[in-house]
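So in the numbering used here, the last one in the sequence shown is 784, and the numbering has no gaps at all.
No residue lacks a Cβ here, since even glycine has one placed at the ideal position from N, Cα and C.
Below is one structure, written out as structure tokens; comments come after it.
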Amino acid sequence: MLNQLRFSGDHEMITYTFLMKVSQIFKAMFVNYSFKCQINKLTFNGLIYFILKKWSFIILTILVFLSVPVIGQNVLTLSKAINNGFLNRKNMQSGKSDLLIRRLQTEALYQKYWPQVSFEYTYLYNPILQTSILPIGIFNSSYPADATMNVRFGTTWSQTAGATVVQPLIDFSIPAQINEAKLQERITVASQAQTEYELAFTIAQTYIEISLQESKIKSAVADTNRTYISYQLLDNKFVEKRLLKSDLNKSVINHNNAVQLLKDALSELIEDKVYLLFLTGETAIEKSDFAIDSSFVKQYKLTTSGLLPDAEAIPELQQLDLQSQLTVRQVKSQQARRLPTLSIKGFLGANQYTNKFDPTKTDSWFGLSYVGIDFKFPILFGENVHKNIEVLRLQSAQYTQQKEDRSALYAKDAYTSKLKMERVMSQLKTQEENLALSIESIAITQARVTEGQESASTLNIDEANLQSLKADYETNKKQLWNFWLNCLKASGQLDILWK
């Protein structure tokens, strides 16, 4: 369709194909929004000329965004938009990396059960050797019994090389650390789920906002048509000097307000589409020419029935519960530090002793090895383990209290959202009836003004009242969808939007 458009420098020359397309759209609008009034051919053609001349850009935008999706245009469903966000957003990918890191850390803890092997090598220079006193009189009767001798032990140079192997047999801290790490994985999963939960909620809000904006634009187009018709009727009377300028000015004000609402709605629609692309991780802003699946309105019924709170399905509450469990595991890890450990320890190597620097001297190396049981029983830690345990127990109580408080808040939000939905649905039903009656009344008033049976001020007041009524109606529609989303979120059923 866009390839068929040809504009001159002043954007006023439009091809016949485009004119026919616009005419068909507005004829359809007049069929749906004619308000049962008779419009002659001259009036309609004048309206078309005015719109094409003054609002060519607006009409082009309407055709782009509101026409039936053309072949090849991407139709983005709500579930696809949410899943695209999960897949493409960088913070989602970062969260997945956090989970992978946690799993690798857990796997590394299992290696503490394996033999621990280390190679040791030392080369020492001993400028001052240790001296000891030996009772030589005991070993040699030629000396007095209490005779002693100063003897220096060791050599000036010495080196040691060998491998030490430690095989843990009993160490209660290892399983405690593994259990703690596994729980950290679950907390990371819950944290990722909470991030996805919030992202899905924001995407759903924006997606619904786009749908409401498109509906608002269609309504704004009809309002623009209707207010222009009212203006034209009063302008004819003003030309005939049968109307005050103040009444004509009021009709212009009503029409200008309608046009501005249309412009604002178009701008907000583009902003919402660009924001949705950002939320889904799409960096190419030029891809904003996509169509949403309008059938989702029928797919998700706006009803309060069946929305029962399920606290276990809310990631935030899961995370608080797991954090409380983690502090219990950490208490066990602290207690395991007090328990004894048992392992097998062995060494295999050699020593060299020389009085001169000669690392490769032959007949100076002596083998050394041992194997034995290594038993340790901790007594002092250099810190107050009892205080650490008390801190962890207090933190566990805090997480439990926070979960109870957040759970009560979610239950309250779910219940109040249902009440608000019921109230707004009742208001919308009344407003829809009032809108239909107001549109019908304006159509009658337009016909009576044409025939000179009604005053212009009545028509202007009716137009202003209808604009106010429609604004309230659009606000309530948006509130209804937001209350429904809040109810889904608070009841733990938001996942029905993407699963």
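State the CB to CB distance for the pair residue i and residue j, rounded to an integer number of angstroms; the pair is presumed to be in contact (CB under 8 Å).
i: residue 528; j: residue 741; result: 6 Å
i: residue 444; j: residue 644; result: 7 Å
i: residue 627; j: residue 660; result: 5 Å
i: residue 782; j: residue 596; result: In fact, because the Cβ distance is near 19 Å, the residues do not count as touching under 8 Å.
i: residue 498; j: residue 550; result: 6 Å
Are the Cβ atoms of residue i and residue j separated by less than 8 Å?
i: residue 566; j: residue 380; result: no
i: residue 253; j: residue 476; result: Nothing about residue 253 can be read from this structure; the chain reaches only from 286 to 784.
i: residue 779; j: residue 581; result: no
i: residue 539; j: residue 509; result: no
i: residue 502; j: residue 547; result: yes
i: residue 391; j: residue 478; result: no
i: residue 752; j: residue 534; result: no
i: residue 775; j: residue 702; result: yes
i: residue 761; j: residue 704; result: no
i: residue 730; j: residue 736; result: no
Which residues mark the beginning and the end of the alpha helix (DSSP H) in which residue i is found?
i: residue 750; result: 741 to 775
i: residue 581; result: 581 to 584
i: residue 491; result: 458 to 524
i: residue 418; result: Counting along the chain, residue 418 falls outside any alpha helix (DSSP H), though it belongs to the beta strand (DSSP E) covering 416 to 419.
i: residue 563; result: 530 to 564
i: residue 736; result: Element bounds for residue 736: n/a, residue is neither H nor E.
i: residue 366; result: 363 to 373
Quick one: does residue i have its CB under 8 Å from some CB of chain C?
i: residue 700; result: Reference to chain C is not applicable here, since this structure consists of a single protein chain.
Measuring alpha carbon to alpha carbon, tell me which residue in the options is nearest residue i.
i: residue 438; options: 425, 428, 412; result: 412
i: residue 658; options: 407, 418, 453, 384; result: 453
i: residue 688; options: 607, 676, 627, 749; result: 607
i: residue 734; options: 716, 490, 522, 622; result: 522
i: residue 763; options: 554, 533, 634, 496; result: 496
i: residue 677; options: 525, 691, 620, 489; result: 620
i: residue 394; options: 462, 374, 665; result: 462
i: residue 646; options: 597, 748, 442, 679; result: 442
i: residue 602; options: 747, 455, 471; result: 471
i: residue 361; options: 473, 558, 518, 745; result: 558
i: residue 605; options: 561, 682, 669; result: 682
i: residue 612; options: 654, 640, 561, 679; result: 679
For the beta strand (DSSP E) that contains residue i, what are its first and last residues?
i: residue 397; result: First-last for residue 397: undefined, no H or E at that position.
i: residue 454; result: 442 to 455
i: residue 430; result: No beta strand (DSSP E) holds residue 430; DSSP gives it neither H nor E.
i: residue 787; result: Residue 787 is absent from the structure shown; the chain starts at 286 and stops at 784.
i: residue 629; result: 626 to 639
Grouping DSSP H, G and I as helix and E and B as strand, with all else coil, what is residue i?
i: residue 338; result: Here residue 338 scores only 43 on pLDDT, less than 50, and its place in the model is too uncertain to base an answer on.
i: residue 778; result: coil
i: residue 725; result: helix
i: residue 405; result: strand
i: residue 665; result: coil
i: residue 599; result: coil
i: residue 576; result: strand
i: residue 708; result: helix
i: residue 678; result: helix
i: residue 437; result: strand
i: residue 784; result: coil
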